[in-house]
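Participant: Residue numbers (our numbering), protein chains in the order written: chain A, 8 to 494; chain B, 8 to 494. Cβ coordinates follow ideal geometry from the N, Cα and C atoms, glycine included. Predicted, not measured: the structure shown is a model, and the values here were computed from it. Pasting a structure here, questions to come.
2 protein chains.
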Amino acid sequence: MIEGEVLRRDARDVGRYDLECDVLVVGFGCAGACAAIEAARAGAKVLVVERSGGAGGTSINSGGFLYLGGGTALQKALGYEDSAENMFRYMMAACGPAPDEALIAPYCEGSVEHFDWIVAQGVPYRASYFPGNHEPFTTDDGLTYSGSEHVHPFNQIATPAPRGHAPQSIRDKGALLMNKLIASALGAGVKTAYQSRCDALVLERDGRVVGAVLSTLEGERTVRAKKGVVLTAGGFIYNEAMLARYAPALARCGSKVGTETDDGLGIRLGLAAGGEAIRMDAGDISMAIFPPNRLRSGIFVNRSGQRFLNEDVYFGRAGELVLLHQDGQAYLVVDDACFERPSMFPIELAGVGETIAELEAEVGLPKGMLEATVAYYNEHAARGEDPLFHKLPTWLTPLAKPPFAAIDLRADQPFFTAFTLGGLRIDANGRVLGASGESIPGLYAAGRTTSGVAKQGYSSGMSLGDGSFFGRRAGRHAAAQAGREAQ
Amino acid sequence: MIEGEVLRRDARDVGRYDLECDVLVVGFGCAGACAAIEAARAGAKVLVVERSGGAGGTSINSGGFLYLGGGTALQKALGYEDSAENMFRYMMAACGPAPDEALIAPYCEGSVEHFDWIVAQGVPYRASYFPGNHEPFTTDDGLTYSGSEHVHPFNQIATPAPRGHAPQSIRDKGALLMNKLIASALGAGVKTAYQSRCDALVLERDGRVVGAVLSTLEGERTVRAKKGVVLTAGGFIYNEAMLARYAPALARCGSKVGTETDDGLGIRLGLAAGGEAIRMDAGDISMAIFPPNRLRSGIFVNRSGQRFLNEDVYFGRAGELVLLHQDGQAYLVVDDACFERPSMFPIELAGVGETIAELEAEVGLPKGMLEATVAYYNEHAARGEDPLFHKLPTWLTPLAKPPFAAIDLRADQPFFTAFTLGGLRIDANGRVLGASGESIPGLYAAGRTTSGVAKQGYSSGMSLGDGSFFGRRAGRHAAAQAGREAQ
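Here's what the structure looks like:
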């Protein structure tokens with residue numbers, strides 16, 4: 008953030024424009040690429056401006072997952088039943104509180120077509136299912152559970168179906184996805200300008216967005232955008248001041264997911280043009296201690312030595328509950344039978360003991376509480392039951408083999424990863440909405456510059472998912488405008 | 008909210024102004040009254056406009072508490088030691104996460120002088136201490152604990168001192184406070200216009216706020232405000248759409264604290280003028296099942312039958328934790344010795360039993376958990392200890408006298424009361440700040456139109472406290488401006 012930055016400019020103060028296009032896309036990540044492709048295919052002259060030196064944004068370093076369902080070609084090929092309605096039920100239960108029906112409903116309805124479109128851009132998917140919980144980090148399988156669809160309480164609300172669609176690559180899945188989308192955009196005739204930061208939007212007197220002011224290596228350049236501007240410039244996890252003002256809990260997490268350009272500039276540009284930013288406290292908070300999945304046979308306990316969650320949930324749900332409900336401190340208690348070092352991040356042990364009592368004392372938990380918790384858990388696990396949180400029987404084994412250990416699940420550990428989910432409010436066509444519900448003429452947004460389908464309760468693939476989905480819609484809607492000549 | 012409302016107007020589109028003043032105050036609650044008094048005393052021509060038919064706002068129906076300390080005259084008269092630094096330590100610990108040092112520091116430093124000023128407006132305080140936890144609802148005592156200063160963990164962080172300053176009246180304390188402030192404002196020469204809603208702010212081309220457009224019984228009226236506009240128009244607890252977009256958890260609460268004009272219009276006016284609204288998810292969430300305080304000898308348990316909090320905390324802290332950390336459902340388990348019906352609201356019993364096992368089954372808690380919880384609690388309570396949450400010994404009595412009961416602490420019950428704490432970002436002079444940290448020339452705000460000293464972790468009296476405190480500062484700062492003539 009630049010103190011005193013001026014994020015909007017009056018069109019009357021802009022003389023001759025240096026550049027002209029129909030649709031200006033700000034940011035060349037996944038949402039921007041999809042907006043650009045669709046706008047260009049609809050006949051618009053498209054310019055994509057990107058602050059950094061190359062295309063890809065945060066998306067290119069991501070896991071490449073798209074959260075899609077409703078009966079996609081890949082789901083069908085692998086024999087998984089799903090429907091738009093079933094997917095809607097899961098998302099309305101998981102993406103709360105106050106899930107955004109206005110975005111979730113079209114997202115579920117359009118999901119099958121959207122997957123076909125992604126495939127048509129050249130992104131390959133292998134028709135194979137990854138049976139581990141959540142993410143095929145070490146295989147090129149195409150489909151997996153990337154949320155908590157198959158575990159309690161969501162398996163009581165909607166029929167479980169895997170919806171994590173992963174490009175066919177053992178590593179760098181995000182790069183594979185993005186390289187195909189970038190190639191598709193360039194192939195559609197999209198023009199690009201790198202090292203070009205959008206510093207202000209240009210507004211006509213009636214509030215219509217008609218262009219932008221860029222900061223480039225050659226100095227300031229003005230762009231006329233006759234049909235519209237699409238903001239796809241990422242979130243704000245790398246802006247400390249904005250985190251403190253809007254989402255202070257996220258600042259506690261050990262790792263940030265994003266690039267340094269996730270500094271909220273896109274959101275601030277939208278605000279300055281009259282847009283509204285909503286649910287700015289929300290974030291994806293993942294506790295990436297899985298894989299290995301065998302750790303799920305351990306139990307999460309809080310500072311009081313109490314369990315608080317079924318351990319088979321998506322690690323994003325676990326991270327969210329530890330950070331937001333347990334004040335950022337919990338432990339994973341394991342025995343020698345289920346312990347294995349997590350594969351993605353280093354961990355610290357808060358304590359080790361030959362008995363639970365010894366472990367409890369070493370961690371500093373209230374006397375007798377962990378013993379009571381483990382006794383209750385073991386008694387029921389021996390019968391394949393979990394009356395407290397209904398963990399799947401697969402992971403229900405009494406903790407009985409010493410030594411016992413407690414993995415320190417403190418929010419500032421590196422495996423606590425966070426990115427922001429709050430941002431500009433959009434409608435289903437990607438139009439940015441103002442505080443009174445009106446759309447800002449000429450202004451669109453998608454991806455993490457917006458508040459999307461996951462207001463909270465993230466599942467992997469929802470961010471690339473809604474960024475690509477509403478990015479396409481924004482690009483098409485902008486391209487269909489009559490366009491306005493300079494006044 | 009009016010779909011499509013236009014909240015700002017270009018000064019060039021305003022011909023002749025119908026009215027003129029130096030400082031325009033929008034809303035005649037506690038913050039507005041204090042802004043008006045100070046602006047008028049500094050020599051400014053002040054107009055206060057109020058949507059409803061009379062003065063007082065939500066403040067007039069409130070408990071009338073001001074959260075003040077640092078060694079006020081009343082604290083000293085009653086022998087309580089406090090200092091600005093000690094008060095600052097409590098507020099920085101309680102009003103988190105990410106407490107707002109920029110507002111809390113001057114608030115603590117100016118607190119002694121502010122109390123004297125309130126007294127000078129004619130508000131009477133009786134030099135007597137109310138020893139019950141929290142609020143002298145049935146006495147006219149002047150000072151009490153209105154937060155969690157004296158209980159765990161805050162009694163470990165700062166020296167406990169009571170800071171709830173209550174006007175001397177058995178009932179209608181808020182009316183007493185407001186009637187004195189209103190009289191003081193009118194005595195200072197402040198002009199008023201009722202049934203006059205501010206629908207838009209008037210901005211010069213450079214972004215300066217120079218007036219407002221009012222909707223009155225006689226139709227639209229424009230006001231020129233040469234030195235500034237102060238927005239003191241309340242929060243948004245009565246705006247369902249805004250709650251859904253910003254603070255959906257608050258919408259779950261059974262009661263709203265406010266008036267129907269707490270619909271966020273002041274916040275939206277500020278946003279439209281380029282202001283930034285922050286921490287919009289925050290709220291005061293009180294679980295008003297106390298008094299009677301003897302209920303604090305019961306134990307709070309969650310849906311798993313586990314304790315999660317010391318029961319002697321301020322009921323705002325308890326409500327916040329039940330709503331935000333326990334998904335809006337908990338129980339207060341009592342025995343026949345400590346049960347008594349709450350005095351302020353009706354309650355429902357989720358179950359009754361001759362034994363804890365019977366109660367557990369009737370409430371539907373996981374088998375054996377409540378029994379284990381009560382056994383652990385009783386064992387330590389018999390020794391005057393609470394190793395889990397450190398409740399004060401006063402309330403530590405084993406739950407032993409049947410029958411036992413569980414009071415249903417569900418968020419939609421009427422004793423769950425909520426109001427919003429998010430709003431416009433201001434500096435210590437009440438100037439509204441934009442997204443880039445700059446102040447909006449000519450625009451001020453205070454009270455629940457702003458994000459104030461309590462970003463979360465509310466204690467009683469912080470809202471009237473910061474509204475009156477920063478309201479005064481806003482009024483003084485605005486009055487000190489050179490003023491701008493119409494261009």
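Taking B/Arg301 as the reference, which of B/Pro405, B/Ala105, B/Gly468, B/Glu365 has the closest Cα?
Facilitator: Closest by alpha carbon: B/Pro405.
Participant: Rounded to the nearest angstrom, what separates B/Ala389 and A/Phe352 at their Cα positions?
Facilitator: Roughly 45 angstroms between the two C-alpha positions.
Participant: Among residues of its own chain, excluding the 5 on either side of B/Gly454, which ones have a beta-carbon nearer than 6 angstroms to its beta-carbon?
Facilitator: Only Ala38, Thr239, Gly474 meet the Cβ criterion.
Participant: Do A/Phe35 and A/Val55 count as a contact pair if the criterion is CB distance below 8 angstroms?
Facilitator: Yes; because the gap between Cβ atoms is below 8 angstroms, this pair is in contact.
Participant: Considering B/Arg204, what are the terminal residues of the alpha helix (DSSP H) in which it resides?
Facilitator: No alpha helix (DSSP H) holds B/Arg204; the beta strand (DSSP E) holding it covers 204 to 210.
Participant: Which runs of the alpha helix (DSSP H), 4 residues or longer, sit entirely within the region 222 to 293 of chain B?
Facilitator: Fully enclosed alpha helix (DSSP H) runs of 4 or longer: 247 to 253, 272 to 279.
Participant: Using a Cβ-Cβ cutoff of 8 angstroms, what residues of the region 356 to 388 of chain B are near chain A? List them in chain order.
Facilitator: The residues in question are Pro373, Lys374, Gly375, Met376, Ala379, Tyr383.
Participant: In whole angstroms, what separates the C-alpha of A/Gln82 from that of B/Val217?
Facilitator: The alpha-carbon atoms of A/Gln82 and B/Val217 are separated by roughly 60 angstroms.
Participant: With a threshold of 8 angstroms between beta carbons, is A/Leu14 in contact with chain B?
Facilitator: Closer than 8 angstroms: yes.
Participant: Have a look at B/Gln128, B/Leu221, B/Arg170, B/Arg212 and flag the residue whose alpha-carbon is nearest the alpha-carbon of B/Leu184.
Facilitator: Considering only alpha carbons, the answer is B/Gln128.
Participant: Got a sec? Which residues, its chain only, sit under 8 angstroms from A/Arg438 by beta carbon, not counting five neighbours each side?
Facilitator: Result list for A/Arg438: Ser446, Ile447, Leu450, Tyr451, Ala481, His484, in chain order.
Participant: Do you know offhand how far A/Ile9's Cα is from B/Arg259's?
Facilitator: Only weak support is given to the placement of A/Ile9: the predicted model assigns it a pLDDT of 47, under 50, and the value that follows is read from those uncertain coordinates. Spanning the two alpha carbons is a distance of roughly 38 angstroms.
Participant: Using a C-beta to C-beta distance shorter than 9 angstroms, which residues of chain A count as neighbours of B/Gln420?
Facilitator: Near B/Gln420 there are no residues of chain A at all, since even the closest Cβ is about 18 angstroms away, more than 9 angstroms.
Participant: Using 8 angstroms as the threshold, is the C-beta distance between B/Ala413 and B/Gly478 below it?
Facilitator: No. Outside cutoff.
Participant: Tell me B/Asp17's beta-bridge partners as DSSP assigns them.
Facilitator: Paired residue(s): B/Leu210.
Participant: Near B/Glu378, what residues of its chain come up, given a Cβ to Cβ distance below 7 angstroms and the 5 sequence neighbours on each side ignored?
Facilitator: So the list reads Ile363, Ala364, Glu367, once near-sequence residues are dropped.
Participant: For the region 391 to 424 of chain A, which residues have a CB atom closer than 7 angstroms to at least one CB atom of chain B, in sequence order?
Facilitator: From the region 391 to 424 of chain A, only Pro394, Leu395 have a Cβ closer than 7 angstroms to chain B.
Participant: Short check: CB of A/Phe297 to CB of A/Phe307, under 8 angstroms?
Facilitator: Contact flag unset, no.
Participant: Would you check if the distance between the CB atom of B/Leu395 and the CB atom of A/Pro104 is smaller than 8 angstroms?
Facilitator: Their beta carbons are not under 8 angstroms apart, which means B/Leu395 does not touch A/Pro104 by this criterion.
Participant: Just mark A/Arg348 as buried or exposed, buried being the case when its beta carbon has 16 or more other beta carbons within 10 Å.
Facilitator: Exposed: under 16 other Cβ atoms inside 10 Å.
Participant: Assign B/Pro160 to one of two classes, buried (16 or more other C-beta atoms within 10 Å of its C-beta) or exposed (fewer than that).
Facilitator: Exposed is the call here.
Participant: Using DSSP with H/G/I as helix, E/B as strand and the rest coil, what is B/Ile157?
Facilitator: Here residue 157 of chain B turns out to be His, not Ile, going by the sequence shown. Coil.
Participant: Just by C-beta distance, which residues in the region 298 to 315 of chain B are closer than 8 angstroms to chain A?
Facilitator: So the close ones are Ser311, Gln313, Arg314, Phe315.
Participant: Since A/Cys290 and A/Phe426 should fall inside the 8 angstroms C-beta cutoff, what is the C-beta to C-beta distance between them, to a whole number of angstroms?
Facilitator: Residue identity check: residue 290 of chain A is Gly in the sequence provided, not Cys. Yes, A/Gly290 and A/Phe426 are in contact; Cβ-Cβ is about 6 angstroms, under 8 angstroms.
Participant: Count the C-beta pairs between the region 89 to 109 of chain A and the region 155 to 173 of chain A that are closer than 8 angstroms, then say yes if the count reaches three, no if not.
Facilitator: These segments touch.
Participant: Cβ of A/Arg286 within 8 angstroms of Cβ of B/Tyr253?
Facilitator: Yes, the pair counts as a contact, with Cβ atoms nearer than the cut-off.
Participant: Please state if the CB of A/Gly271 and the CB of A/Gly242 are separated by a distance shorter than 8 angstroms.
Facilitator: Cβ distance < 8 angstroms, so A/Gly242 and A/Gly271 count as in contact.
Participant: Is there a Cβ from chain B that is less than 8 angstroms from the Cβ of A/Arg228?
Facilitator: It does not; no Cβ of chain B falls within 8 angstroms.
Participant: Can you give the Cα-Cα distance for A/Asp147 and B/Lys462, rounded to whole angstroms?
Facilitator: Straight-line Cα distance between these residues: approximately 46 angstroms.
Participant: Cβ of A/Gly464 within 8 angstroms of Cβ of A/Gly171?
Facilitator: No, the pair does not count as a contact, with Cβ atoms beyond the cut-off.
Participant: Nearest chain A C-beta to B/Arg275 closer than 8 angstroms, yes or no?
Facilitator: It does: the Cβ of B/Arg275 has a partner Cβ on chain A nearer than 8 angstroms.
Participant: Name the DSSP bridge partner or partners of A/His172?
Facilitator: Answer is A/Leu73, A/Leu150, bridged to A/His172.
Participant: Give every residue of the same chain whose Cβ lies closer than 7 angstroms to the Cβ of B/Thr424, excluding the five residues on either side of it in the sequence, and list them in chain order.
Facilitator: Excluding residues within five positions, the ones whose Cβ falls inside 7 angstroms are Cys260, Ser262, Val264, Ser293, Ala295.
Participant: Is any beta-carbon of chain B found at less than 8 angstroms from that of A/Ser443?
Facilitator: Yes, contact with chain B.
Participant: Considering only the alpha carbon of each residue, which of B/Ala284, B/Val32, B/Pro421, B/Gln420 lies closest to B/Ala200?
Facilitator: When only C-alpha atoms are compared, the closest one is B/Val32.
Participant: Which chain B residues are close to A/His332, counting only those with a beta carbon under 7 angstroms from its beta carbon?
Facilitator: Chain B residues near A/His332: His332.
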